[in-house]
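Chains as they are written, first to last, in our numbering: chain L, 23 to 453; chain H, 23 to 453; chain P, 23 to 453.
Positions of the beta carbon are idealized from the N, C-alpha and C atoms, including for glycine.
Report on one structure; see the data block that follows.
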Amino acid sequence: MGKRAGGLCTKLVLCVGLVVLLSCSVAFGAEDGTGDKLASSSDVFFILIGAVMILAMHGGFAFLEVGSVRKKNQVNALNKIICEWSFSTLIYFLIGYPIARGVTFLVPIAQMGENGFEYVKFFLLLGFAACIPAIISGGVAERAKFWTNALAGGIFVGLVYPLIEGATWGNFNTFLGAESGWLATTFGAPFHDFAGSVVVHATGGWLALPAILLLGPRLKRYEENAIKVSSIPFLALGSWALIVGWFGFNVMSAGSLEAISGLVAINSLMAMAGGTIAALFVSRNDAGFVHNGALAGLVAICAGSDLYHPIAALVVGAIAGALFVFLFNTETEKWKIDDVLGVWPLHGVCGAWGGIAAGIFGLEALGGKGGVCFFSQLLVTSAIVIVALAASTVVYGLFKVTVGIRLDPHEEMIGADLAVHQIEACPEEAF
Amino acid sequence: MGKRAGGLCTKLVLCVGLVVLLSCSVAFGAEDGTGDKLASSSDVFFILIGAVMILAMHGGFAFLEVGSVRKKNQVNALNKIICEWSFSTLIYFLIGYPIARGVTFLVPIAQMGENGFEYVKFFLLLGFAACIPAIISGGVAERAKFWTNALAGGIFVGLVYPLIEGATWGNFNTFLGAESGWLATTFGAPFHDFAGSVVVHATGGWLALPAILLLGPRLKRYEENAIKVSSIPFLALGSWALIVGWFGFNVMSAGSLEAISGLVAINSLMAMAGGTIAALFVSRNDAGFVHNGALAGLVAICAGSDLYHPIAALVVGAIAGALFVFLFNTETEKWKIDDVLGVWPLHGVCGAWGGIAAGIFGLEALGGKGGVCFFSQLLVTSAIVIVALAASTVVYGLFKVTVGIRLDPHEEMIGADLAVHQIEACPEEAF
Amino acid sequence: MGKRAGGLCTKLVLCVGLVVLLSCSVAFGAEDGTGDKLASSSDVFFILIGAVMILAMHGGFAFLEVGSVRKKNQVNALNKIICEWSFSTLIYFLIGYPIARGVTFLVPIAQMGENGFEYVKFFLLLGFAACIPAIISGGVAERAKFWTNALAGGIFVGLVYPLIEGATWGNFNTFLGAESGWLATTFGAPFHDFAGSVVVHATGGWLALPAILLLGPRLKRYEENAIKVSSIPFLALGSWALIVGWFGFNVMSAGSLEAISGLVAINSLMAMAGGTIAALFVSRNDAGFVHNGALAGLVAICAGSDLYHPIAALVVGAIAGALFVFLFNTETEKWKIDDVLGVWPLHGVCGAWGGIAAGIFGLEALGGKGGVCFFSQLLVTSAIVIVALAASTVVYGLFKVTVGIRLDPHEEMIGADLAVHQIEACPEEAF
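Written out as structure tokens, the structure is:
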């Protein structure tokens, strides 16, 4: 009976949540859906390829988690990522994008221009937004309730992330981002986050942390040798898909073909190499760390990839790789925070590091292109971290005391695959 | 001895088949191989990327089948897809493309234009044609004879599909497709199938159905709990490769960079989300259905992806996702038709639904771009379904009474991997 | 103690090696880092996509090896590929590219032009250079020392490959490659290797051979039935990633969008089909051979893919597929050379065959575009084979007598995963 009541509560919260989000949509959504009619077919092609590459990264998120959890939660990892991508598509289409960008798609298609540039721009930016639940997913793996977690993801993609996105890149960036904003007039340069070290990754990582803390560790996590990852090959497969797709994430952040920058590409490459090599040395050739070290470098490079000298990019990436290994061990072993995929050190810390690094290595004095200011970077990065921590604490806190955020112990023991999806990863073997 | 005779028969039929196909090539093939000399290098790049993405989808077909069959048939799934891609390349190059498009490549390369646009156009359209055997493969899995099935695929790719393609998109489309064709003058609009919901997917799915019926179910399929899929992760990997590549399948169907449409991209995205979410709810969070639901949405969207409002695309995709779950269960459990990957509901039914949907949601009254007619859509979709059913019944029927279409029971019991390929999927484990 | 001394020796050699390489950098590196300032944003986009596709191929190299080794060396395969990619990035950036192309990146970024074309060109060419250790990795798998092998790879990527690249495509190609070079004046045509059959693949394959011979076969390799591959699905996954990415490797070798050639794409396709089908028949439907046969065709087509008639490309690929099956069996079974992934027949022999084939099927008399000469092809191909054999014999020979190149028998028995990386491929299963 308690379970049925819980189910009803979940649905109730879901409905209330949707109503809240939809009213926000009405409040913030711009009436004007004209978009950029002048953007050429080449720009549509360019942005489309970026969007598709980021879509492929979500397959990477799925397999990174498949490999990093126990076999009894592999199906759950896969279903979470593809479903949350799909939920995010709807929510960001209806609510998030209108808030962040001031464009609604609920207008006749004839108003969206000949080649539909705004549509592919949405696709690209959805790829960024949908990283939020994909990042959280890795932290709360193996014990979070499917639907409560999906609802939290929906609130973040529909409301929290779009506000952060709108404040830095989009609709309300006159305050922080634009030339004449407060940061520019106070410190000499606006906040700079080229491809989302802070806006996407730090937001995701710091949103995940309260969820991880509120959930608590997996059962038997801190008994001796109780939990091992299921598959390094699947983990590496996920990492490769993320690495390859990341060049779309970063390069196509230019926004138009004319603005493409080979510097962004080589800096991403150097940061990936730096992160990999640093993780290799610090972890003493541990495969999980090495494949995540590449990602740590790529998380950190996003913000300033258009500014750095390639040698600086290498350093930024290497610091990120080393940070990841050190903090993952500290977090999960010393502090006993059960962050399954290490999403707080990977996306949270390396993302924040990326934002701050742009204020250091982006300076002309260090070979960068300039136009950045350390204090602007520090301030906005800190602000976003605080907003993310607060938002997640409220959302997951409320859910914890109402509908519950965690599988019951029996469900967790048999694994989410059987408990939630009625199937195992390899049903034939199990049979 | 019976086996050797069978082998001889197969080879005989193969030779006769090739002769028939080659004579068709002579009959239909155009002498003029000049192609489109004016298409720019950007168009070549654009189409090439589409072609490569569709090639990646074939890797997806392979892994979707690997995950959905038992482990003893994984190698067979992999070999079928890569070999039938290779056979299709040859046959479509020599026979199919000349029939469908009136261009032969058996001319000096100097005649094909500076940048070789016709060559990449062939590559893209081969990706479509090769879907036919890849779709059938999933239906006849675990029991069809390798060579007989390959020969049937060759006939479809060389003859049946090119006739359908030529009638709708290509060489002989004055009847159905062009502005002045019979459908346009009778009903006000020609048949519209932008990216092949009907021409590719329905053709494949309805070609598969007679093969599945003529083969009969796998041994012990309808004994209790006898057959389970081998690997949800591989199934999901295949699904991701198909999803990502599909944006090449749909967007590059524009045929030239100038004609690129962001609307096609966002509609594919919305249909994928709709299909996923519908399958999630109807199947109660079943991983196999969810990952196929995304594909169902994508199958259905192809035809009208250039016409719909994104909200309509969501609806078209969601209906497809729900249809797939419902019909797969009905087909395989109630009707006891052993369609291993559900290719009839997925490609056959959702493809036909896509063709018909273009005649509904493509209308201006429903927010679409117009220029379509429900009756044109219904008529041609039905015609293609009937042609596919008839062609497959004749081909597989003839093969069944002559060379045989099914592995012998011992081969089926030990699995096609050992029986046909002399190796298991994980030889080290087996050893 | 012997082990610690060995560790010290390795580090010493590493340092000396780096000093040698860095002095080469000073000696050969051009001062002028201006690059091609005029190349348009479209060219940057075009080359970037090629580079990203080649990056994806390295994921393919990783999984091809994962599937082809025993489970106890899967992690090692994964770590080798991603780490050697990262090392190669650094070394080719600092030393290799300056040697081969006369451009150093150790200059202010403002000097590298608006869109940074030189940066993406570096990324693309790094993808080629990093194939060298990735190819060798497959030959020396399951028994080579991680660090010694990495150092050898670094020397090849930093020095040997750049000299070959510089002599044929780059900095010093006035001798061999340019219109007025010795080959052109002596035989009528310079050496032609459009996308690296010889420069990349033959170099890699013939560098691998001495390493394989100096290492000797894996323990118990030639006892009866002692060693089986671990996973055909992972092998096939690697093959698919390589196949798909190869269209970037070949097509983007054009170097600029304007020079794109659909002929290169269709010839790659035909060679892949030819290689697959030939391997299918010669190996009697063996899955490992079929998926490597496709690669054999693609290795062989690189050199002349811009010259052949598609029918000739089919023949070149088919010969490569047959060659691979025949020579792999001869090499590993008859000659008892334990080339784990068959990199000598695949890259070494099929690469050399590709170089020679360009001098045959590239001729106008055989339907090609002409401008090639059989003797130029034969001469330079032979020279590169000899240089690679010599360089590898010296490097691996020196390492063998100093720091050692092979895991000790205990490490090899338990597998490199546990011995080097302290983790197994599927830790949860093992536990």
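Residue nearest to L/V321 within the set L/P130, L/L440, L/A405 and L/F269 is L/F269 (criterion: CA-CA distance). The Cβ of P/G381 sits no closer than 8 Å to any Cβ of chain H.
Rounded to the nearest whole angstrom, the CA to CA distance from H/H331 to H/A374 is 20 Å. Rounded to the nearest angstrom, the Cβ distance from P/A122 to P/G188 is 4 Å, consistent with a contact under 8 Å. At a cut-off of 8 Å between C-beta atoms, L/L279 counts as an interface residue with respect to chain P. If you check each beta-carbon in the stretch 373-397 of chain H against every beta-carbon of chain L, the ones closer than 9 Å belong to G389, G390 and K391. Residue state for H/A163 is assigned as coil, using DSSP reduced to three classes. H/R123 carries a helical assignment under DSSP once its states are collapsed to helix, strand and coil. Taking 7 Å as the Cβ-Cβ cut-off, the stretch 316-348 of chain P approaches chain H at A316, H331 and P332, given in chain order. When C-beta atoms of the stretch 356-369 of chain P are compared with those of the stretch 227-235 of chain P, three or more pairs fall below 8 Å, so the two segments count as touching.
Beta-bridge partners of H/R428 (DSSP): H/A166. The beta-carbon of L/G364 is placed no less than 8 Å from the nearest beta-carbon of chain H.
Not one beta carbon of chain L lies nearer than 8 Å to the beta carbon of H/N98. In the structure shown, the three-state DSSP call for H/S110 is helix. L/F216 and L/N272 have their C-alpha atoms roughly 8 Å apart.
Close to chain H, meaning a Cβ-Cβ distance shorter than 8 Å, are the following residues of the stretch 146-169 of chain L: L148 and F168.
Annotated as distal: L/G81 and L/S252, with beta-carbon spacing of 8 Å or more.
Straight-line measurement puts the Cα of P/D308 at about 17 Å from the Cα of P/N247.
For H/L336, the CB contacts under 8 Å within the same chain, skipping 5 residues up- and downstream, are M292, A293, A295 and G296 in chain order.
At the C-beta level, H/G343 and H/G319 come within 8 Å of one another. By the neighbour-count definition (other C-beta atoms within 10 Å, threshold 16), L/V347 is a buried residue. Secondary structure note for P/C324: it is in no alpha helix (DSSP H), with a DSSP letter that is neither H nor E. Closer than 8 Å to the CB of H/N101 there is at least one CB belonging to chain P.
From the listed residues H/F213, H/R243 and H/I69, the smallest Cα separation to H/V402 is found for H/F213. Taking a cut-off of 8 Å on C-beta distances, the stretch 424-436 of chain L does not touch the stretch 61-72 of chain L, as fewer than three cross pairs fall below it.
Counting only Cβ-Cβ distances below 8 Å, P/F139 has no contacts in chain H at all, with the closest Cβ about 16 Å away.
Fewer than three beta-carbon pairs drawn from the stretch 196-206 of chain L and the stretch 386-394 of chain L are found closer than 8 Å, and the two stretches are therefore not classed as touching. Not a single C-beta of chain L is nearer than 8 Å to the C-beta of H/L236.
The beta carbons of P/I186 and P/V409 sit closer together than 8 Å.
With respect to H/L302, H/L264 sits apart: the two C-beta atoms are not nearer than 8 Å. When the beta-carbon positions are compared, P/W107 and P/A174 stay at least 8 Å from each other. Around the Cβ of H/K356, a 10 Å sphere holds fewer than 16 other Cβ atoms; the residue is exposed. Proximity of H/S62 to chain L, defined by a Cβ-Cβ separation below 8 Å, is not satisfied. Inclusion of H/S283 and L/G238 in the CB contact set at 8 Å is not warranted, their separation being larger than that value. Residue environment: L/I436 is assigned as exposed (fewer than 16 neighbouring CB atoms within 10 Å of its CB, all protein chains considered).
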